[in-house]
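Enquirer: Pasting in a structure now, in structure tokens, and then I'll have a few things to ask.
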Amino acid sequence: MDYENDPGWQFLRPSREQIIQDQSRPYDSKKNCWVPDEEEGYLAAEIKSTQGDTITVITGKMNEKTLKKDLIQEMNPPKFEKTEDMANLTFLNDASVLHNLRARYSSMLIYTYSGLFCVVINPYKRLPIYSETVARMYIGKRRNEMPPHLFAVSDEAYRNMLQDHENQSMLITGESGAGKTENTKKVIAYFASVGASQAEAAEALAAKKAGGAAATPAGKRVTLEDQIVRTNPVLEAFGNARTVRNNNSSRFGKFIRIMFNKFGKVASCDIEHYLLEKSRVIRQAPGERCYHIFYQMHSGFIPDLKQKLGLDKPAKEYYFMAQAELTVDGMDDKEEHGITEESFDVLLFSPEEKLDCYRIIGAIMHMGIMKFKQRPREEQAETDGTEEHQKAADCFGVDMENFVRSFVKPRVRVGNEWVNKGQNLEQVNWAVGAIAKALYARVFHWIVQKCNVTLDQKGLSRDYFIGVLDIAGFEIFDFNSFEQLWINFVNEKLQQFFNHHMFVLEQEEYKREGIEWTFIDFGLDLAACIELIEKPLGIISMLDEECIVPKATDLTLAQKLNEQHLGKHPNFQKPPPPKGKQAEAHFAMKHYAGLVRYNCMKWLEKNKDPLNDTLVAVLKASPGNNLLNLVWQDYQTQEEAAEAQKAGTDQGAKKKGKSGSFLTVSMVYRESLNKLMTMLNATHPHFIRCIIPNEKKTSGLLDAALVLNQLTCNGVLEGIRICRKGFPNRTLHADFRQRYAILCAVESKSSDDPKKCSQNMLNRLLKEAILTEENFRMGDTKVFFKAGVLAKLEDFRDEKLKTVMTAFQSHIRWYLGQTQKRRLGQQKAGTVLLQRNIRSWCSLRMWPWFQLYTKVRPMIYAL
Numbered sequence: 001m002d003y004e005n006d007p008g009w010q011f012l013r014p015s016r017e018q019i020i021q022d023q024s025r026p027y028d029s030k031k032n033c034w035v036p037d038e039e040e041g042y043l044a045a046e047i048k049s050t051q052g053d054t055i056t057v058i059t060g061k062m063n064e065k066t067l068k069k070d071l072i073q074e075m076n077p078p079k080f081e082k083t084e085d086m087a088n089l090t091f092l093n094d095a096s097v098l099h100n101l102r103a104r105y106s107s108m109l110i111y112t113y114s115g116l117f118c119v120v121i122n123p124y125k126r127l128p129i130y131s132e133t134v135a136r137m138y139i140g141k142r143r144n145e146m147p148p149h150l151f152a153v154s155d156e157a158y159r160n161m162l163q164d165h166e167n168q169s170m171l172i173t174g175e176s177g178a179g180k181t182e183n184t185k186k187v188i189a190y191f192a193s194v195g196a197s198q199a200e201a202a203e204a205l206a207a208k209k210a211g212g213a214a215a216t217p218a219g220k221r222v223t224l225e226d227q228i229v230r231t232n233p234v235l236e237a238f239g240n241a242r243t244v245r246n247n248n249s250s251r252f253g254k255f256i257r258i259m260f261n262k263f264g265k266v267a268s269c270d271i272e273h274y275l276l277e278k279s280r281v282i283r284q285a286p287g288e289r290c291y292h293i294f295y296q297m298h299s300g301f302i303p304d305l306k307q308k309l310g311l312d313k314p315a316k317e318y319y320f321m322a323q324a325e326l327t328v329d330g331m332d333d334k335e336e337h338g339i340t341e342e343s344f345d346v347l348l349f350s351p352e353e354k355l356d357c358y359r360i361i362g363a364i365m366h367m368g369i370m371k372f373k374q375r376p377r378e379e380q381a382e383t384d385g386t387e388e389h390q391k392a393a394d395c396f397g398v399d400m401e402n403f404v405r406s407f408v409k410p411r412v413r414v415g416n417e418w419v420n421k422g423q424n425l426e427q428v429n430w431a432v433g434a435i436a437k438a439l440y441a442r443v444f445h446w447i448v449q450k451c452n453v454t455l456d457q458k459g460l461s462r463d464y465f466i467g468v469l470d471i472a473g474f475e476i477f478d479f480n481s482f483e484q485l486w487i488n489f490v491n492e493k494l495q496q497f498f499n500h501h502m503f504v505l506e507q508e509e510y511k512r513e514g515i516e517w518t519f520i521d522f523g524l525d526l527a528a529c530i531e532l533i534e535k536p537l538g539i540i541s542m543l544d545e546e547c548i549v550p551k552a553t554d555l556t557l558a559q560k561l562n563e564q565h566l567g568k569h570p571n572f573q574k575p576p577p578p579k580g581k582q583a584e585a586h587f588a589m590k591h592y593a594g595l596v597r598y599n600c601m602k603w604l605e606k607n608k609d610p611l612n613d614t615l616v617a618v619l620k621a622s623p624g625n626n627l628l629n630l631v632w633q634d635y636q637t638q639e640e641a642a643e644a645q646k647a648g649t650d651q652g653a654k655k656k657g658k659s660g661s662f663l664t665v666s667m668v669y670r671e672s673l674n675k676l677m678t679m680l681n682a683t684h685p686h687f688i689r690c691i692i693p694n695e696k697k698t699s700g701l702l703d704a705a706l707v708l709n710q711l712t713c714n715g716v717l718e719g720i721r722i723c724r725k726g727f728p729n730r731t732l733h734a735d736f737r738q739r740y741a742i743l744c745a746v747e748s749k750s751s752d753d754p755k756k757c758s759q760n761m762l763n764r765l766l767k768e769a770i771l772t773e774e775n776f777r778m779g780d781t782k783v784f785f786k787a788g789v790l791a792k793l794e795d796f797r798d799e800k801l802k803t804v805m806t807a808f809q810s811h812i813r814w815y816l817g818q819t820q821k822r823r824l825g826q827q828k829a830g831t832v833l834l835q836r837n838i839r840s841w842c843s844l845r846m847w848p849w850f851q852l853y854t855k856v857r858p859m860i861y862a863l
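Here the UniProt record's numbering is used: the first residue of the sequence shown is 1, the next is one more, and so on.
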């Protein structure tokens, strides 16, 4: 296939002319260098003179600078310009890595290898590099055969799964706005495409038996691959929103497991979700939006939907969705709702389920503008008009009077009795927000579970899986609260997993294998920060404890945290004074990505997450919305629990923790996070590090300081270092002997011990100068190679195979030629004999004596 004719190829690899131009610039290793610069990060410069520890240079801007020698960084030769794998750089330093990424990004070459993982910089525009033709380029190819791409990493994970019989995972990480969600969608689509589903055969068999086929409500037949891909628009509609840094930011985390059978065919899929940002349902910061689905529903794509839900006001009047922005640049909410609707159909959501879902979202919109007022001289709130209350109740399918009463006079327990207790205006408004958040979270959970039911293909073998993790990136805002603490904590755990896999486990295996190795401390142990958050007397434990202390407040929590940790833990610090729009903070924490100032306001409320049980009971009993019954079926109100306990049938439906206390939000989060980390630790991970180039969402613009900070915090630079210093590729002795026997035929049979054979083969390769002693190390069970060495061996193996096949073909051609030669020789001999006889006959026929003989011969025979 002629790859260069594909419209996406120019965004994968520079043209030959461009490569020649890039690599032909003047270069002097003794003069060319990099010098630090506040704006550009580093500038190319030429050394003019050296005096002691100081060097005078002339920069590319023709400015003369004098600086210390240790600030100068070496420049790589031109042949490394826009190199595809930064582990190959001769001089590995911050300036060279930044220059390489910047040079590639300027040409929109957004993917670059960095040792064993891949770096991608958000292009902030659509590139034609995810088409089916591009995907086919990467199927079955080795990494060094094609330009860097997400598909190359995905295909490597897929091939590893089949060859090593081991579950794989792909961790797509980075800060908010770096492009994690978009890359996740491309990965899912690639796996769905490359693992052509065996479900089709099963569906065909089922259709034959049942006289039909799996189809959408519109009658269109769909495949499992279609359904897997179609989960993205639905989850994005309900779980993504516009933020300051990202127009389509995932406000939840998801771990998608695609199941395969032993032949590599897609068999099933399931989704786990984490840390949905519930607070966004009722509150948005300036420059942000609520979840996309609110605006999609109000766009008018479904002609009579707004009429059915009573949404007769402009979008700007619905408070829960109109506190900041109403639109997103480049996003048509009406068109997006059409995609959501189509995806709902592909995922087999029934019309009734969709309508019930929309009715709940519509009710939340009405709840945002329900009005209450305080009665004069009473601790009692009452309605201020009932129009929106009635519309919300209609959407829920409940009686409006019971609905309103549950807000203003809920039932509470006083001793052994249940009484209706009046609520003031603040309590009522709080209850409205709490139930709106809880409802949305439960609807979202139901949508995920419904998708899982559709994707659960019964009767298909599930031998392995590839998990794809997409979770909110590290966040540092002007106001950082409970949600940011948990998002940043999850990212700390994932970064520790990355460090542990890339650095610690790597070096521990060298020691187990008996390889001579000096342990390298890469300074990326995040245990201190993680322990500060999750260990006993850590922030989360103290928060949980404060939730059960009578009369505890957010300020008492902040005070106790400072008393326990300030000055005693290196990662817990006094917050610096606020700058600009920054809010006041109660403490600061040193994360791997930087110092974060946290404000503790409403942490106790968010962690306890209490609900108005009376209102829940009203919604659970709704006769007009079946979905409400489903989303609340696992929730047991306190009154129901008391009755069940009295009857001796308490099942503890509302989860309880130690000492019978209710589970806090932190407890639930921590349990799900531990499960995720356990699952990841049982897989072979592949890392995609997403980089945000600038905070202006501008294509082609690269903020050097921002990118360098991410490269440092994400472990990219350290990853390259260990890849260069270590031996990232390895193979078992038996596998090495079998695969590379063609290079050393005699040595591969020299012993029954695979290790001895491997040693003999390596000695042969050393003698032939194919390898050097620095290229590999012999372990007890494996041979370890430097990065790129196995690729070199594969090239030699391919050449040897080519030589062998060429020799074989030449022998075959020689044999066929000899056979043809003999046949032609026989033909020639026969032809010569025939010609000689013909010539003899012609000569004999003209001989007079022969003519006389022919005349007298009849008379002779007559005698």
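We treat Cβ as the ideally placed atom computed from N, Cα and C, and that holds for glycine.
Predicted model only: the values in this text are computed from it and were never measured.
1) Three-state secondary structure (DSSP) at E718?
2) Considering D399, what are the terminal residues of the alpha helix (DSSP H) in which it resides?
3) Taking the continuous beta strand (DSSP E) assigned at E774, which residues delimit it?
4) Note down the Cα distance separating N491 from F191, rounded to an integer number of angstroms.
5) Judging by CA-CA distance, which residue of A87, L92 and V428 is the nearest neighbour of W34?
6) In this structure, does DSSP put L348 in helix, strand or coil?
7) Taking all protein chains shown into account, do 16 or more other C-beta atoms lie within 10 angstroms of the C-beta of P314, making it buried, or fewer, making it exposed?
8) Which residue from P858, E341, V432 and A189 puts its Cα closest to that of C269?
9) Is the beta carbon of R289 closer than 8 angstroms to that of E325?
10) Kindly confirm or deny that the region 329 to 341 and the region 237 to 247 touch, where touching means at least three C-beta pairs closer than 8 angstroms.
11) Taking the alpha carbon of M137 as the reference point, which residue from M589, M400, D155 and E39 has its own alpha carbon closest?
12) One question on the structure: do C596 and I691 come within less than 8 angstroms of each other, judged by their Cβ atoms?
13) Do you know whose CA, among E378, F301, C451 and Y105, lies nearest R230's CA?
14) Using only the alpha-carbon positions, how far apart do Q163 and R730 sit?
15) Assign H165 to buried or exposed, taking buried as 16 or more other Cβ atoms, counted over all protein chains shown, within 10 Å of its Cβ.
16) Hey, L717 and R102: beta-carbon distance below 8 angstroms or not?
17) Helix, strand or coil for T556? Go by DSSP, reduced to three states.
18) On the three-state DSSP scale, how would you describe G8?
19) Do F465 and R221 come within 8 angstroms of each other at the CB atom, strictly closer than that value?
20) To the nearest angstrom, how far is it from the Cα of E695 to the Cα of Y592?
21) Contact criterion: CB-CB distance below 8 angstroms. Does R104 meet it with respect to chain B?
22) Using the beta-carbon count (16 or more within 10 Å), is T176 buried or exposed?
23) Pop quiz: I271 and V414 are said to be a contact at Cβ under 8 angstroms. What is the actual Cβ separation, rounded to whole angstroms?
24) Tell me whether the region 543 to 562 and the region 455 to 474 touch, counting them as touching only if at least three CB pairs, one residue from each stretch, are closer than 8 angstroms.
25) From the DSSP output, which residues share a beta bridge with F117?
26) Check Y669 in the structure and name its three-state DSSP category.
27) CB-CB under 6 angstroms to F736, same chain, minus the five flanking residues each way: which ones, in chain order?
28) Leaving out five residues on either side along the sequence, give the residues of the same chain with a beta carbon under 8 angstroms from the beta carbon of Q23.
29) Roughly how many whole angstroms lie between the Cα atoms of A629 and P536?
30) When DSSP builds the beta bridges, which residues end up paired with P314?
31) Spatial neighbours of Q427 within its chain, please: C-beta separation below 8 angstroms, excluding the five flanking residues on both sides.
32) Enumerate, from N- to C-terminal direction, the unbroken alpha helix (DSSP H) stretches of 4 or more residues contained entirely within the region 468 to 507.
33) Could you tell me whether the region 493 to 511 touches the region 696 to 715, where touching means 3 or more Cβ pairs closer than 8 angstroms?
34) What are the complete alpha helix (DSSP H) segments, minimum 4 residues, inside the region 400 to 451?
35) Using only the alpha-carbon positions, how far apart do Q73 and L98 sit?
36) Expressed to the nearest angstrom, what Euclidean distance is found between the alpha-carbon atoms of Q198 and I302?
Expert: Straight from the coordinates:
1) Indexing the sequence shown from 1 puts residue 718 at position 718. Helix, per DSSP.
2) Walking along the sequence shown from the start, residue 399 turns up at place 399. No alpha helix (DSSP H) holds D399; DSSP gives it neither H nor E.
3) For this step, residue 774 is matched to residue 774 along the sequence shown. Here E774 belongs to no beta strand (DSSP E), and DSSP marks it neither H nor E.
4) For the purposes of this step, residue 491 is taken as residue 491 along the sequence shown, with counting starting at 1. For the purposes of this step, residue 191 is taken as residue 191 along the sequence shown, with counting starting at 1. Cα-Cα distance, rounded: 25 angstroms.
5) As a working note, residue 34 is residue 34 in the sequence shown. Ranking the options by Cα distance to W34, first place goes to L92.
6) As a working note, residue 348 is residue 348 in the sequence shown. In the structure shown, L348 sits in coil (DSSP, three-state: anything other than H, G, I, E or B).
7) The count along the sequence shown starts at 1 and reaches residue 314 at position 314. It counts as exposed.
8) Position 269 of the sequence shown, counted from the start, is the residue given in the question as residue 269. Nearest C-alpha to C269: A189.
9) Counted from its first residue, the sequence shown places residue 325 at position 325. Counted from its first residue, the sequence shown places residue 289 at position 289. In this structure, R289 lies closer than 8 angstroms to E325 by Cβ.
10) yes
11) Mapped onto the sequence shown, residue 137 falls at position 137. Comparing Cα-Cα distances from M137 to each of M589, M400, D155 and E39, the minimum goes to D155.
12) Stepping through the sequence shown from its first residue, residue 596 is reached at position 596. Stepping through the sequence shown from its first residue, residue 691 is reached at position 691. According to the sequence displayed, residue 596 carries Val and not Cys. Result no, Cβ atoms of V596 and I691 do not sit closer than 8 angstroms.
13) Residue numbering aside, residue 230 sits at position 230 when the sequence shown is read from its first letter. It is C451 whose Cα lies nearest to the Cα of R230.
14) For this step, residue 163 is matched to residue 163 along the sequence shown. For this step, residue 730 is matched to residue 730 along the sequence shown. Their Cα atoms are separated by approximately 14 angstroms.
15) Looking up residue 165 in the sequence shown gives position 165. That one is exposed.
16) Your numbering for residue 717 matches position 717 in the sequence shown. Your numbering for residue 102 matches position 102 in the sequence shown. Result no, Cβ atoms of L717 and R102 do not sit closer than 8 angstroms.
17) Sequence index remark: in the sequence shown, residue 556 carries index 556 (1-based). T556 falls in the helix class under three-state DSSP.
18) For the purposes of this step, residue 8 is taken as the residue at position 8 of the sequence shown. It is coil, neither helix nor strand.
19) Walking along the sequence shown from the start, residue 221 turns up at place 221. Walking along the sequence shown from the start, residue 465 turns up at place 465. It is not a contact, given that the beta carbons lie outside the stated cut-off.
20) Counted from its first residue, the sequence shown places residue 695 at position 695. Counted from its first residue, the sequence shown places residue 592 at position 592. If I take the Cα positions, the gap works out to 20 angstroms.
21) As a matter of chain content, chain B is missing from the structure shown, which is built from one protein chain.
22) Counting from 1 along the sequence shown, the entry for residue 176 is found at position 176. Thr is not the amino acid found at residue 176; the sequence shown has Ser there. Classification of S176: buried, given that the 10 Å Cβ count is 16 or more.
23) Within the sequence shown, residue 271 is the residue found at index 271, counting from 1. Within the sequence shown, residue 414 is the residue found at index 414, counting from 1. That pair is no contact at about 43 angstroms.
24) no
25) The residue given as residue 117 occupies position 117 in the sequence shown. S114.
26) Counting from 1 along the sequence shown, the entry for residue 669 is found at position 669. Three-state DSSP puts Y669 in a helix.
27) In the sequence shown, the residue the question calls residue 736 occupies position 736. So the list reads S758 and V783, once near-sequence residues are dropped.
28) The residue labelled residue 23 in the question sits at position 23 within the sequence shown. Contacts found: P78, K79 and E81.
29) Indexing the sequence shown from 1 puts residue 629 at position 629. Indexing the sequence shown from 1 puts residue 536 at position 536. In the sequence under discussion, the amino acid at residue 629 is Asn, which differs from the Ala named in the question. Distance between the alpha carbons of N629 and P536: 39 angstroms.
30) For the purposes of this step, residue 314 is taken as residue 314 along the sequence shown, with counting starting at 1. P314 pairs with nothing; no bridge assigned.
31) Here the question's residue 427 lines up with position 427 in the sequence shown. Cβ within range, chain order: A381.
32) 482 to 499
33) yes
34) 400 to 408
35) Position 73 of the sequence shown, counting from 1, holds the residue named residue 73. Position 98 of the sequence shown, counting from 1, holds the residue named residue 98. C-alpha separation (whole angstroms): 12 angstroms.
36) Residue mapping note: residue 198 aligns to position 198 of the sequence shown, counting from 1. Residue mapping note: residue 302 aligns to position 302 of the sequence shown, counting from 1. Because the pLDDT of Q198 is 43, which lies under 50, any placement of that residue in the model is unreliable, and the question is left without a value.
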